[in-house]
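Chains A and B are the protein sequences, given in the same order. In this text, residue positions in the first sequence follow the working numbering: the first is 1, and each later residue adds one. In this text, residue positions in the second sequence follow the working numbering: the first is 220, and each later residue adds one. Heads up, the beta-carbon is just placed ideally off N, CA and C, and yes, glycines get one too. Just so we're clear, the structure is a prediction, and the values are computed from it rather than from any experiment.
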Amino acid sequence: MADEVVLLDLWSSMFGMRVRVALAEKGVEYEYKEQDLRNKGPLLLEMNPIHKKIPVLIHNGKPICESLIIVQYIDEVWHHKAPLLPSDPYQRAQARFWADYVDKKVYPPGRKIWATKGDEQEEAKKEFIEILKVLEGELGEKPYFGGESFGFVDISFVTFSCWFHVYETFGNFSIEKECPKLMAWVKRCQERESVSKSLPDEKKLLEFVYYLMKIFGIE
Amino acid sequence: MEKKEENQREEVLVFGTWANSISGRVEIALKLKGIPYEYVEEDLSNKSELLLRYNPVHKKVPVLVHKGKPIAESLVILEYIDENWPNSPKLLPQDPYQRAKVRFWANYYDQKIIPGIYTIGQSQGKERDEAIEEWSELVRVLEEGIEKDFPGKLALFEGDNISFLGIVVSSYACCYPAFHEAGSVFLSWEKNPLFWSWVNALRDYPLIKEKLPPHHRLVESLKAYQSRFS
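Okay, structure coming up:
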């Protein structure tokens, strides 16, 4: 019986993009269903009643929620191709640690850079750059966070790269200047089809943010 | 002993604190698997050089050090223990879908239930009452969710042994008598009878029982913590 894979997602979500990249890496065919988060449909509410959030992967009718949990699930089910986590337990622990770091640390200050102003925005910008520098330190001289191969940590973080243009525009800074090695890594990742096809255009995201600000009445 | 020899020993260190429910998770998992380890008590108001070297990113406990290599974040450590020592008993189920569900609820407990306990402890009066209400609702979601996702079994145990989820949920919740005595009441017997029955079952489990922080010392520590917010 063929696998039925459905992804409930939002085009602009860096969390949803992680799942798209993982599925593409594995060559898994799936049905993409765009969600309207201001008007949540019955399928989303049924499949993620607890958090009511995207992404949700529905595999043969069974829902899996939380982007990093979904990516690990994908790696475990479609294990015959493109392993996303290393095989050594210690390396796997390091990958989980850094993916968890990205998951907890990057989004909040990033969001504040465009959604706030004045001191709050400045604080957020400083924090954001600091976090990026920690990640750049962890990357070191490796081509990918996973070492020679693109993997779990790369997937967890690369999806923020299409949002860099938004952060730079609002925060008035250059990520290339602050973290050149990280930008080199971004470009390397973007050469992968799984990444280039899963991430939206950065200019479209900027327009989207302007639109969000208008409807939420943010100046 | 020569440094080279030291690194080659199957040496397992656990950095934790006596009151820390989270470092307790690591010790329980190691004991369950029958893995010998050395425990290192940390004073969080005066962190050791070693801790800062082993966990420079978060500077927190618990940290597991195996053959000189450190791992931080309790859920990451638990998965490492299960993978590096794959002997029975297993902490996580084998099936990917079951594993995803266990990870989801472990994550929920750490992101929602534990912070909720802090919110209660840090608030007073009406704010506290509201915090308790909200927390009770979060627990209700946990109760329903675990029942639905793991029908017909107590997900906190796997046969006679405690499971991954049991180890996670035992943190903080199993210390409720100390919280209660210190005045940080988050007990919600009527609203969450199922959750508290799980917690009592966990408290009776030998490995948890022997790892509980000393009651009176914890009460004093909690009282001191709360007085900072009154």
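Please list the partners that ARG96 of chain A has in chain B, where partner means a Cβ-to-Cβ separation under 7 Å. VAL295 and GLU298
Closer than 6 Å by C-beta to GLU225 of chain B: which residues in its own chain qualify, once you throw out the five before and the five after it? Chain order, please. In this predicted model, GLU225 of chain B has a pLDDT of only 46, less than 50, meaning its place in the structure is not dependable enough to derive any value.
Bounding residues of the alpha helix (DSSP H) (the contiguous stretch that carries CYS65 of chain A): Segment 62 to 65 is the beta strand (DSSP E) holding CYS65 of chain A; no alpha helix (DSSP H) there.
Extent of the continuous beta strand (DSSP E) to which VAL282 of chain B belongs: 282 to 285
With a threshold of 8 Å between beta-carbons, can VAL19 of chain A be considered close to chain B, or not? no
Using only CA atoms, which one of B:ARG359, B:LYS331 and B:GLU302 lies nearest to PRO86 of chain A? B:GLU302
Touch check for the region 66 to 84 of chain A and the region 306 to 320 of chain B: three-plus C-beta pairs under 8 Å? yes
Does the beta carbon of ARG38 of chain A come closer than 8 Å to any beta carbon on chain B? no
So what's LEU249 of chain B in DSSP terms, helix, strand or just coil? helix
What three-state label does DSSP hand GLY235 of chain B in the structure shown? strand
Mind reading off the beta-carbon distance from GLU136 of chain A to LYS181 of chain A? Whole number of angstroms is fine, and I expect it under 8 Å. 5 Å
Compare the C-beta of ALA93 of chain A with all C-beta atoms of chain B and state if any pair is closer than 8 Å. yes
If we count the other Cβ atoms within 10 Å of its Cβ and call it buried at 16 or more, is SER240 of chain B buried or exposed? buried
In this structure, how does DSSP classify MET213 of chain A when only helix, strand and coil are distinguished? helix
Within chain A, partners of GLU302 of chain B - CB distance below 7 Å: PRO89 and ARG92
Tell me which residues of the region 255 to 286 of chain B have at least one Cβ-Cβ distance to chain A shorter than 7 Å, keeping chain order. VAL276
Residue from B:LEU361, B:ILE336 and B:VAL360 with nearest C-alpha to GLU349 of chain B: B:ILE336
To which residues of the same chain is LEU205 of chain A closer than 8 Å at the C-beta, ignoring the five residues directly before and after it? SER12, CYS162, TRP163, HIS165 and VAL166
Continuous alpha helix (DSSP H) stretch holding ALA95 of chain A: start and end: 89 to 105
Would you call the CB atoms of ILE365 of chain B and ALA374 of chain B closer than 8 Å? yes
Give me the Cα-Cα distance between LYS104 of chain A and SER198 of chain A, rounded to the nearest whole angstrom. 22 Å
How should PHE414 of chain B be labelled, buried or exposed, when 16 other C-beta atoms within 10 angstroms of its C-beta is the threshold for buried? buried
Please determine if the region 253 to 260 of chain B and the region 229 to 238 of chain B are in contact, where contact requires at least 3 C-beta pairs separated by less than 8 Å. yes
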